[in-house]
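**Student:** Got a structure here, written out as structure tokens. Questions coming.
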Amino acid sequence: MNSVLKEILDTKKVSDGTEILRLHSSMDEHEGDLISKVIQRVRPTTSLEVGFAYGVSTLFICDALARIDRPARHIVLDPFQFSEWKGIGLRNIKSAGYDKFVELREERSEIALPQLLNENTILDVAVIDGWHTFDHALVDFFYINKMLRIGGVVVLDDSTMPSVGRLVDHVLTYGCYRIFGIPSGHGLFVRRLAYYGRLKKTKWPSAIALEKIASDNRRFDWYRPF
Ligand SMILES: C[S@@+](CC[C@H](N)C(=O)[O-])C[C@H]1O[C@@H](n2cnc3c(N)ncnc32)[C@H](O)[C@@H]1O
Numbered sequence: 013m014n015s016v017l018k019e020i021l022d023t024k025k026v027s028d029g030t031e032i033l034r035l036h037s038s039m040d041e042h043e044g045d046l047i048s049k050v051i052q053r054v055r056p057t058t059s060l061e062v063g064f065a066y067g068v069s070t071l072f073i074c075d076a077l078a079r080i081d082r083p084a085r086h087i088v089l090d091p092f093q094f095s096e097w098k099g100i101g102l103r104n105i106k107s108a109g110y111d112k113f114v115e116l117r118e119e120r121s122e123i124a125l126p127q128l129l130n131e132n133t134i135l136d137v138a139v140i141d142g143w144h145t146f147d148h149a150l151v152d153f154f155y156i157n158k159m160l161r162i163g164g165v166v167v168l169d170d171s172t173m174p175s176v177g178r179l180v181d182h183v184l185t186y187g188c189y190r191i192f193g194i195p196s197g198h199g200l201f202v203r204r205l206a207y208y209g210r211l212k213k214t215k216w217p218s219a220i221a222l223e224k225i226a227s228d229n230r231r232f233d234w235y236r237p238f
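Residues 13 to 238 in our numbering are what the sequence shown lists, from first letter to last.
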């Protein structure tokens, strides 16, 4: 594992070069392991993720890309890298030596994804970890589905959230996706109801990877209850 990623995971801290901050909002080792398995299997030349923050998921993705050892383009969408995350994600990627892979677009995903579709982008792998309302995650998925090739895999993070979990239910009715994998480990099927609240069991784990197994040929009036 890259030493920058290892240090962040060990210390649970990040830095902007002057201040040391507590790590939060990032994927954990179990989710990172799932991402590595996806990358190893699909061997993407073009991948994309929504939601950069301190760059932890991006480090997992680039770490796996580096092990494949061939040119790859990883597109990252997040409008708030400097306004909210002090440029720390980008700093981490540069210190890890992974800037050769990463193309950061500081745009909202709802703006950048249709632009990428218009540029005829074809995706092998995508990770959705941006704004987690049902409608927003669905918009992210809608465009990613249009760009994802058959055999490609999309990872939805935070699928214990009802908003994302219902999106998983919905996508699995399309008929062209199947479950590729989930993280391994304990305590993946639970959600804390409030900051100090009790734990509730959930239908889906903390992240889920869905493989596109056929083209999406649903009719214009297709609908399945979910
Ligand atoms: C949970 S954090 C991502 C964590 C990151 N994937 C990791 O594992 O380190 C969610 C991110 O989504 C970003 N975000 C919020 N709204 C967004 C939007 N409309 N488009 C793209 N990113 C957005 C936030 O700035 C934040 O960085």
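Ideal placement from N, C-alpha and C gives every residue a C-beta, glycine not left out.
Is Y189 buried or exposed, if buried means 16 or more other CB atoms sit within 10 Å of its CB?
**Tutor:** buried
**Student:** To test your reading of the DSSP string, which unbroken beta strand (DSSP E) runs of 3 or more residues are found completely within the stretch 41 to 99?
**Tutor:** 58 to 62, 85 to 89
**Student:** What's the call for Q240, buried or exposed, on a 16-neighbour Cβ count within 10 Å?
**Tutor:** With the chain running from 13 to 238 in the structure shown, residue 240 is simply not present.
**Student:** Which one of V114, N130, D147 has the shortest CA to CA distance from L179?
**Tutor:** D147
**Student:** Can you grab the Cα-Cα spacing for the pair H86 / H36, in whole Å?
**Tutor:** Distance between the alpha carbons of H86 and H36: 22 angstroms.
**Student:** Hey, does L135 have any beta-carbon neighbour from chain C nearer than 8 angstroms?
**Tutor:** Included in the structure is just one protein chain, with no chain C present.
**Student:** In its own chain, which residues sit with a C-beta less than 6 angstroms from the C-beta of T58, not counting the 5 before and 5 after it?
**Tutor:** R85, L135, D136
**Student:** When DSSP labels each residue in this structure, what does S27 get in the three-state scheme?
**Tutor:** strand
**Student:** Output the distance between the C-alpha atoms of V151 and H198, rounded to the nearest integer angstrom.
**Tutor:** Between V151 and H198, the C-alpha separation is close to 31 angstroms.
**Student:** Is the beta carbon of I140 less than 8 angstroms from the beta carbon of F153?
**Tutor:** yes
**Student:** Report the residue from K158, D170, A149 whose alpha carbon sits nearest the alpha carbon of S133.
**Tutor:** Checking the sequence, you will find Thr at residue 133 rather than Ser. Ranking K158, D170, A149 by Cα distance to T133 puts K158 first.
**Student:** With 16 other CB atoms within 10 Å as the buried threshold, where does T172 fall?
**Tutor:** Counting Cβ neighbours within 10 Å, T172 comes out buried, since at least 16 surround it.
**Student:** At a threshold of 7 angstroms, does F92 count as lining ligand 1 (C-beta to nearest heavy atom)?
**Tutor:** yes
**Student:** For the stretch 130 to 206, list the alpha helix (DSSP H) runs that are entirely contained and at least 4 residues long, ordered along the chain.
**Tutor:** Fully contained in the stretch 130 to 206 are the following alpha helix (DSSP H) runs of length 4 or more, in chain order: 146 to 159, 174 to 183.
**Student:** Among S218, P217, S196, V202, which residue has its Cα nearest to the Cα of L211?
**Tutor:** V202
**Student:** Would you list the residues sitting across from E115 in a DSSP beta bridge?
**Tutor:** I87
**Student:** Flag this pair as yes or no: are the beta carbons of A193 and K98 separated by less than 8 angstroms?
**Tutor:** The sequence shown places Gly at residue 193, rather than the Ala named in the question. No, the pair does not count as a contact, with Cβ atoms beyond the cut-off.
**Student:** Starting from A221, trace the beta strand (DSSP E) in both directions and tell me its first and last residue.
**Tutor:** 219 to 224
**Student:** Quick check: is any heavy atom of ligand 1 less than 7 angstroms from the C-beta of S121?
**Tutor:** Look at S121: its beta carbon is less than 7 angstroms from one of the heavy atoms in ligand 1.
**Student:** Per the DSSP calculation, R34 is bridged to which residue(s)?
**Tutor:** K25
**Student:** According to DSSP, is K18 part of a helix, a strand, or is it coil?
**Tutor:** helix
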